[in-house]
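Engineer: Residue numbers (our numbering): 148 to 250.
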Amino acid sequence: PDWSRDRIMAEVSAAGVPCYSGSCSEIYLEKAFDSLRKAEVDSRLRGNDVDEQVEMPGLENRLPVAKELGETSLMLLVHPTLSAENINDTIRVVKDIVTRATK
Numbered sequence: 148p149d150w151s152r153d154r155i156m157a158e159v160s161a162a163g164v165p166c167y168s169g170s171c172s173e174i175y176l177e178k179a180f181d182s183l184r185k186a187e188v189d190s191r192l193r194g195n196d197v198d199e200q201v202e203m204p205g206l207e208n209r210l211p212v213a214k215e216l217g218e219t220s221l222m223l224l225v226h227p228t229l230s231a232e233n234i235n236d237t238i239r240v241v242k243d244i245v246t247r248a249t250k
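1) For residue 209 and residue 248, I'd like the C-alpha separation in whole angstroms.
2) To which residues of the same chain is residue 170 closer than 8 Å at the C-beta, ignoring the five residues directly before and after it?
3) If you reduce the DSSP assignment to three classes, tell me which class residue 176 lands in.
4) Can you name the start and end residues of the alpha helix (DSSP H) that residue 130 belongs to?
5) Please name the residue or residues paired with residue 223 in a DSSP beta bridge.
The following block contains the structure:
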């Protein structure tokens with residue numbers, strides 16, 4: 148079958164386990180970083196005596212691994228109030244669905 152991250156997420160959620168897409172893997176695309184697209188870097192760390200311009204990642208030069216992680220990652224609940232039963236249910240459901248998705 149043709150399984151995507153979104154289908155896996157929907158199946159896990161339908162089985163009663165909260166499941167979401169992962170965190171913002173490409174945070175450098177956020178508006179807060181627009182002014183840093185062209186940033187001066189202290190190139191003395193590279194053995195030079197002067198600062199140089201380097202291009203920060205943006206829409207035109209995205210970081211491929213970060214992009215892939217943003218498109219494929221899942222987020223499950225993790226917090227101290229989860230019981231052992233909650234955690235075991237999550238493990239069982241995710242294992243079952245991922246097993247079906249990879250056959």
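Beta carbons: idealized from backbone N, C-alpha and C, even for Gly. These numbers were taken from a predicted model, which means no experiment stands behind them.
Structural biologist: So, from the listed chains and residues:
1) 28 Å
2) 220 and 222
3) helix
4) Because residue 130 is not part of the residues shown, which for the chain are 148 to 250, the question remains open.
5) 166
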